[in-house]
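Taking it in order: structure first as structure tokens, then the write-up.
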Amino acid sequence: MESRTNQSVTPDVQALMLENLKLAKRVEVLENTLSAGKEVLTLEEAARFMGVTKSSLYKMTHEQTIPYYKPNGKMVYFEKAELLTWIRRNAIASKAQVSEEANRILKNLSVK
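According to UniProt numbering, the sequence shown holds residues 1 to 112 in order.
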């Protein structure tokens, strides 16, 4: 069997491959846009939304570390608002926020 190299691909085939890549990217953008307006996400949509793998998300549901719904015992769903709350918990304060909080505490101590 003869192996092909990129050099043996005709310009027409290369153009089709490039067009296919462009279309795949457009489909991905459209899918992301559509899921942006949804309140309830499938596992795949939630993984994409959070920037994690489906495997990682399954693990989190198994360990019950993330809120999720399983209405008929089969499909797993996530509420977008709950995911955002979960992501935002345990926020790490910026240096400016820590400084502001320290100044506020010191001010309250000196007033007493």
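Where a beta carbon is used, it is the ideal one built from N, C-alpha and C, also for glycine.
Among the options, the one whose alpha carbon lies nearest that of residue i
| i | options | result |
| --- | --- | --- |
| V40 | L16, E63, E82, K22 | E82 |
| T85 | T53, T65, Q14 | T65 |
| A46 | K107, K80, T10, K59 | K80 |
| V76 | K95, N103, S55 | S55 |
Straight-line gap, residue i to residue j (C-alpha atoms, nearest Å)
| i | j | result |
| --- | --- | --- |
| H62 | K70 | 12 Å |
| M50 | L16 | 32 Å |
| E28 | Q14 | 21 Å |
| L21 | F78 | 30 Å |
| A91 | R26 | 34 Å |
| E101 | L18 | 53 Å |
| S99 | I87 | 24 Å |
| L57 | G73 | 17 Å |
- Query: Where in the region 38 to 98 do unbroken runs of the beta strand (DSSP E), each at least 3 residues long, occur, reported from the N-terminal end onward?
  - Reply: 40 to 42, 77 to 79
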